[in-house]
Amino acid sequence: MLRNFSTIEEIRTRIGKSILKPIASMKKAPFDPARFDHNETFISGIPVHIYNTAPLKDYLSQFDFKKETSHLTKIPIKVLYLIHGRYRNYTDTESMGYYMTDKYYKLKGDVDIPLVFVTFDVSNHGSRLLNKSANNDWAEGNKNHALDMVSIIDDSVLKLKLIMDYLPFYLNLDSFVPKLTDYKFEFSNVVSGYSLGGHIIHRFVDKYPDSVDVIIPFIGSSDISSLMIDRLLKVSPTGSKRYLQDYDELKFTDEQKLLYPKSFHEYVSSIDQSVSENFPFGRIKMFAAYGSADPIVPPAYSKLFCSLHKIGDPDTEVFYQEGVGHDVTLEMLDKSVEWLVKFY
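Position in the sequence shown (first residue = 1) + 9 = our numbering.
1. Taking the alpha helix (DSSP H) that Lys115 belongs to, which residues open and close that run?
2. Can you give the Cα-Cα distance for Asp324 and Ile233, rounded to whole angstroms?
3. How many angstroms separate the CA atom of Phe196 from the CA atom of Val88?
4. Measure the CB-CB distance between Ile86 and Val200 and report whether it falls below 9 angstroms.
5. Where do the ends of the beta strand (DSSP E) carrying Ser235 lie?
6. Taking the alpha carbon of Phe194 as the reference point, which residue from Leu180, Gly206, Gly202 has its own alpha carbon closest?
7. Looking at Gly321: is its Cβ nearer than 9 angstroms to the Cβ of Ala302?
8. So for Glu18, helix, strand or coil by DSSP?
9. Can you give me the C-alpha to C-alpha distance between Met260 and Val223, rounded to a whole angstrom?
10. Return the first residue and the last residue of the beta strand (DSSP E) that Tyr299 is part of.
11. Determine the burial state of Val346: buried for a count of at least 16 other Cβ atoms within 10 Å of its Cβ, exposed for fewer.
12. Grouping DSSP H, G and I as helix and E and B as strand, with all else coil, what is Asn198?
13. Identify the residues that DSSP records as bridge partners of Pro226: which are they?
14. Pull up the CB-CB distance for Phe72 and Val186, whole angstroms please, since I reckon it's below 8 angstroms.
15. With burial defined as no fewer than 16 other Cβ atoms inside 10 Å of the residue's Cβ, what is the status of Asp174: buried or exposed?
16. Evaluate Ser53 with the Cβ neighbour count: other Cβ atoms within 10 Å of its Cβ, from every protein chain shown; 16 or more gives buried, anything less gives exposed.
17. Checking the sheet assignment: what are the DSSP bridge partners for Val88?
18. Shortest alpha-carbon distance to Arg292 belongs to which of Thr50, Tyr192, Lys152, Pro218?
19. Alpha carbon to alpha carbon, how far is Asp343 from Pro308?
20. Mark Asp41 as exposed unless 16 or more other C-beta atoms lie within 10 angstroms of its C-beta, in which case mark it buried.
21. Within the same chain, show all residues whose beta-carbon is closer than 6 angstroms to that of Met237, passing over the 5 residues directly before and after it, in chain order.
22. Is the stretch 91–106 touching the stretch 121–128, taking contact as three or more C-beta pairs under 8 angstroms?
23. Taking Cβ positions only, does His208 come closer than 9 angstroms to chain C?
24. Ends of the alpha helix (DSSP H) at Pro177?
25. Which first and last residues belong to the beta strand (DSSP E) in which Glu49 is found?
26. If contacts are defined as beta-carbon pairs under 8 angstroms, then Pro123 and Leu65 qualify, I think. What distance do you get, rounded to the angstrom?
27. For Asp164, which residues in the same chain have their Cβ closer than 7 angstroms to its Cβ, ignoring the five residues on either side in sequence?
28. To the nearest angstrom, how far is the alpha carbon of Lys271 from that of Tyr256?
29. Determine the extent of the beta strand (DSSP E) in which Val327 is found, giving its start and end residues.
30. Please work out which residues of its chain come closer than 6 angstroms, Cβ to Cβ, to Ser231, disregarding the five sequence neighbours upstream and downstream, and give them in chain order.
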């Protein structure tokens, strides 16, 4: 069921060609792609890339013995999911996964539960690309930019949940505990991603709050309405929460109304409002990072969300890196893992 990338040369070749502009600094990251095993499987036709599964056999073997009682054996499993940005593909988040997981092991020291990491191409990207122009924005001539991007976000939320649900079966974890009769795998999931992937994280938690324990969004936005509407109006963040505004208050021209219809505004706004009002701030831990000079996804759109998260959970950490634009830096990755090892 799993396809293994067994040669170092194959992995190095793919990763070396894949780390482009959104995480350009990752080219200099001191990581070895041979550090963790890499397998590929197809879940509902989606190529899913899974890493560091080799340690699971030895880890699970410690639970594999017959018990005289019918006491339920709970087996914890840790998984880090990574979601890439617009225009990009899974190899970007693959490189992040190698770097973050390697640092996690080094900082954690004795790791009692293996950390598996997983990534995949989101809709209309990478191996799933069908229409390249549909990933463009309004400035690049794509009149359906808002519809295309939000529909990709929505679809990615559903696909991520599907992958989470089916991953245990494709890994065939039951085969590692043949002697056990009464057991349950308890997954503790971390979801990370950058740019578009960061947007997806907030929507995922809104829809499936019980499926994630930790989120690590990089240069993402919790407020899609304000991001998209200000982009359409070609204005900097005003501080207004666009999802709280009626359609008439947006003062669109007739042309802009065609690009951002009333019913669409109401749909996106309803989810943004839910993210703001119903997010389980006190239960899900968060590290978030932003470039202070990001012109594409200004951090201002997420400041209220981050403030609410800090109130709900004092362990929340938000990092604004001065002089950085729409980029994920090694310092961001380092700080995220330094924070993660304290709680996970």
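The C-beta atom is built at its ideal place from N, Cα and C for all residues, glycine as well.
Bear in mind the structure is a predicted one, so any value in this text is a computation, not a measurement.
Per the coordinate set shown:
1. Translated into positions along the sequence shown, residue 115 becomes position 106. 99–117 is the span of the alpha helix (DSSP H), which, as asked, contains Lys115.
2. Here the question's residue 324 lines up with position 315 in the sequence shown. Here the question's residue 233 lines up with position 224 in the sequence shown. Cα-Cα distance, rounded: 25 angstroms.
3. In the sequence shown, counting from the first residue as 1, residue 196 sits at position 187. In the sequence shown, counting from the first residue as 1, residue 88 sits at position 79. Distance between the alpha carbons of Phe196 and Val88 is about 7 angstroms.
4. Here residue 86 refers to the residue found at position 77 when the sequence shown is read from its first residue. Here residue 200 refers to the residue found at position 191 when the sequence shown is read from its first residue. Cβ distance not < 9 angstroms, so Ile86 and Val200 don't count as in contact.
5. Residue mapping note: residue 235 aligns to position 226 of the sequence shown, counting from 1. Counting along the chain, Ser235 falls outside any beta strand (DSSP E), though it belongs to the alpha helix (DSSP H) covering 233–242.
6. The residue you call residue 194 lines up with position 185 of the sequence shown. Taking only the C-alpha atoms, the option nearest Phe194 is Leu180.
7. Mapped onto the sequence shown, residue 321 falls at position 312. Mapped onto the sequence shown, residue 302 falls at position 293. No, the pair does not count as a contact, with Cβ atoms beyond the cut-off.
8. Taking the first residue of the sequence shown as position 1, residue 18 is located at position 9. Because the pLDDT of Glu18 is 38, which lies under 50, any placement of that residue in the model is unreliable, and the number read from its coordinates should be weighed accordingly. It is helical.
9. Residue numbering aside, residue 260 sits at position 251 when the sequence shown is read from its first letter. Residue numbering aside, residue 223 sits at position 214 when the sequence shown is read from its first letter. Reading the sequence as shown, one finds Lys at residue 260 and not Met. Lys260 and Val223: Cα-Cα distance of roughly 38 angstroms.
10. The sequence position of residue 299 within the sequence shown is 290, counting from 1. Tyr299: member of the beta strand (DSSP E) spanning 294–300, first to last residue.
11. For this step, residue 346 is matched to residue 337 along the sequence shown. So Val346 ends up on the buried side.
12. As a first step, residue 198 must be located in the sequence shown, where it is residue number 189. Looking at Asn198 - three-state DSSP - the assignment turns out to be strand.
13. The residue labelled residue 226 in the question sits at position 217 within the sequence shown. For Pro226, which the question treats as bridged, DSSP gives the partners Gly202.
14. Residue mapping note: residue 72 aligns to position 63 of the sequence shown, counting from 1. Residue mapping note: residue 186 aligns to position 177 of the sequence shown, counting from 1. For Phe72 against Val186, the beta-carbon gap comes to about 6 angstroms, under 8 angstroms, which counts as contact.
15. Your numbering for residue 174 matches position 165 in the sequence shown. So Asp174 counts as exposed.
16. Working through the sequence shown from its first residue, we reach residue 53 at position 44. The residue in question, Ser53, is exposed, as its Cβ has fewer than 16 Cβ neighbours within 10 Å.
17. Along the sequence shown, one-based indexing puts residue 88 at 79. The partner list for Val88 (beta bridge, DSSP) reads Val125, Asn198.
18. Taking the first residue of the sequence shown as 1, we reach residue 292 at position 283. Each of Thr50, Tyr192, Lys152, Pro218 was checked against the Cα of Arg292, and the nearest Cα belongs to Pro218.
19. As a working mapping, residue 343 is identified with position 334 in the sequence shown. As a working mapping, residue 308 is identified with position 299 in the sequence shown. For Asp343 and Pro308, the distance between alpha carbons rounds to 19 angstroms.
20. In the sequence shown, residue 41 corresponds to position 32, counting from 1. So Asp41 ends up on the exposed side.
21. Position 228 of the sequence shown, counted from the start, is the residue given in the question as residue 237. When the five nearest sequence neighbours on each side are left out, the beta carbons in the same chain lying within less than 6 angstroms of the beta carbon of Met237 are those of Ala155, in order along the chain.
22. Contact holds between the stretch 91–106 and the stretch 121–128, because three or more Cβ pairs, one in each stretch, are under 8 angstroms apart.
23. Among the protein chains of the structure shown there is no chain C, as only one such chain exists.
24. In the sequence shown, counting from the first residue as 1, residue 177 sits at position 168. Per DSSP, Pro177 belongs to the alpha helix (DSSP H) from 154–180.
25. For the purposes of this step, residue 49 is taken as residue 40 along the sequence shown, with counting starting at 1. Segment 47–52, the beta strand (DSSP E) holding Glu49.
26. Within the sequence shown, residue 123 is the residue found at index 114, counting from 1. Within the sequence shown, residue 65 is the residue found at index 56, counting from 1. The Cβ separation is near 6 angstroms, so the contact holds.
27. Along the sequence shown, one-based indexing puts residue 164 at 155. If you ignore the 5 residues before and after Asp164, its C-beta comes within less than 7 angstroms of the C-beta of Ser132, all in its own chain and listed in chain order.
28. As a working note, residue 271 is residue 262 in the sequence shown. As a working note, residue 256 is residue 247 in the sequence shown. For Lys271 and Tyr256, the distance between alpha carbons rounds to 6 angstroms.
29. Walking along the sequence shown from the start, residue 327 turns up at place 318. Element bounds for Val327: 326–330.
30. Indexing the sequence shown from 1 puts residue 231 at position 222. Only His211, Val284, Ser311, Phe314 meet the Cβ criterion.
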